[in-house]
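Worksheet: one structure, shown below.
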Amino acid sequence: MRRIVLAISLVLPLIATPVSGQAAPTSHEQAAREFLTAIGIEKILQEISSALANNLIRSNPPLAAHRDVILAWTTKYVTWEAAAPELVKSYTKAFSEPELREITAFYGTPTGRKMAAELPRLMENAAAEGGRLAGTHIADLERMLQERAKSLQPATPTTPTPPAQNP
172 MRRIVLAISL
182 VLPLIATPVS
192 GQAAPTSHEQ
202 AAREFLTAIG
212 IEKILQEISS
222 ALANNLIRSN
232 PPLAAHRDVI
242 LAWTTKYVTW
252 EAAAPELVKS
262 YTKAFSEPEL
272 REITAFYGTP
282 TGRKMAAELP
292 RLMENAAAEG
302 GRLAGTHIAD
312 LERMLQERAK
322 SLQPATPTTP
332 TPPAQNP
């Protein structure tokens, strides 16, 4: 679930990006597209559409009556075609063409396919464990934040008492 939420936050800005007249993809861009296809990006985007609808409804329950409209909207706009230009750009910046081809080859193996299938669950478990660990030490965080707040407060000046006047 955390993977889907993270993916939503990464993909939503991309669907707003206008697609201009594009030249034929370079071999590097084609390698990125092949990688994204190998990991099943179209299915991931469909999952994102459903998760987005669920999150919108969860944050605004009256929208539940309009779930079909929300799903139609996400299905129309959260698509591979809309996200592809920015996703390809991100992957070509992060990986060289030979690296993308190696990664794609790995995802074509039985182990790579298993990795692709298991990774979301593993990442969700890791996020849950991180949250659990953080939760067990929340009192320490609160104490540390209070100490920091105290150290940032300006020292209160002491006002000298005026001397007593003799009549």
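For the sequence shown, our numbering assigns the number 338 to the last residue and increments by one with no breaks.
Even glycine gets a Cβ: it sits at the ideal position worked out from N, Cα and C.
Item: G301 - containing alpha helix (DSSP H), residue span; Value: P281 to T307
Item: Classification of V249 by the beta-carbon crowding that lies within 10 angstroms, buried from 16 upward; Value: buried
Item: Span of the alpha helix (DSSP H), counted from its first residue to its last, around F277; Value: E268 to Y278
Item: Spatial neighbours of A235 in its chain, beta-carbon cut-off 8 Å, leaving aside the 5 residues before and after; Value: I228
Item: Reduced DSSP category for Q324 - H, G, I as helix; E, B as strand; rest coil; Value: coil
Item: Nearest neighbour of S267, chosen from A194, G302 and E200 [CA to CA]; Value: E200
Item: Cβ-Cβ separation, T307 to F206 (assumed contact under 8 Å), whole Å; Value: Their Cβ separation, rounded to whole angstroms, is 38 Å, which puts F206 and T307 out of contact at 8 Å.
Item: Same chain, Cβ closer than 8 Å to K116, neighbours up to 5 away in sequence not counted; Value: With the chain represented from 172 up to 338, any question about residue 116 goes unanswered, as that position is not in the structure.
Item: Which of helix, strand or coil DSSP assigns to P196; Value: coil
Item: Cβ neighbours of T245 in the same chain (closer than 7 Å, five flanking residues each side left out); Value: S220, L223 and A224
Item: Coil, strand or helix - N225 by DSSP; Value: helix
Item: CA nearest to the CA of L216, picked from P196, A202 and A255; Value: A255
Item: Three-state secondary structure assigned by DSSP to T208; Value: helix
Item: Residue interval of the alpha helix (DSSP H) (run including P256); Value: W251 to A265
Item: Closest Cα partner of T208 within the set I309, A310, G302 and F277; Value: F277
Item: Burial state of T280 (16 or more Cβ within 10 Å); Value: exposed
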